[in-house]
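Asker: One structure, pasted below without further comment.
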Amino acid sequence: MNPNVKLVRSLVQEIRRTSSEPNVKNNIMVEYILDQARSHKETSEVLCKAREELKNLAETYLCYLNSRRLCKEIHDRYTGKGERTIKETADLVGFKLPHDPK
């Protein structure tokens, strides 16, 4: 599979994970990404000056979207939700209580 196609698929998949809409075909970000990929299809072959520019930009956006999603998951998991039981706290940090089976 072409690495550029794989990169575009990864971007669309990451947008699908963060989007509230189930249908990403109507998403303006996906339309923009696909338009940019189509418009740079010929120029990346012909022009040597900016051959890797679109690929580097897409990889940067993919890293940003992935990091933002992971940061939100970590924040949601470890954010304070009031008082927790001792067992919940031990499970959260990976410890076992003395009376738990090993």
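Take the sequence shown: its letters are residues 1 to 102, numbered as in the UniProt record's numbering. Ideal Cβ positions, reconstructed from N, Cα and C, are used throughout, including at glycine.
If E14 sits next to L62, beta carbons under 8 Å apart, how far is it from one beta carbon to the other, in whole angstroms?
Answerer: 6 Å
Asker: Please go through the same chain and pick out, in chain order, the residues whose beta-carbon is closer than 8 Å to the beta-carbon of V24, but skip the five residues on each side of it.
Answerer: V12, I15, R16, V30, listed in sequence order.
Asker: Report yes if the C-beta distance between K72 and L7 is below 8 Å; otherwise report no.
Answerer: No, the pair does not count as a contact, with Cβ atoms beyond the cut-off.
Asker: Can you look up K87 in the DSSP assignment and give me helix, strand or coil?
Answerer: helix
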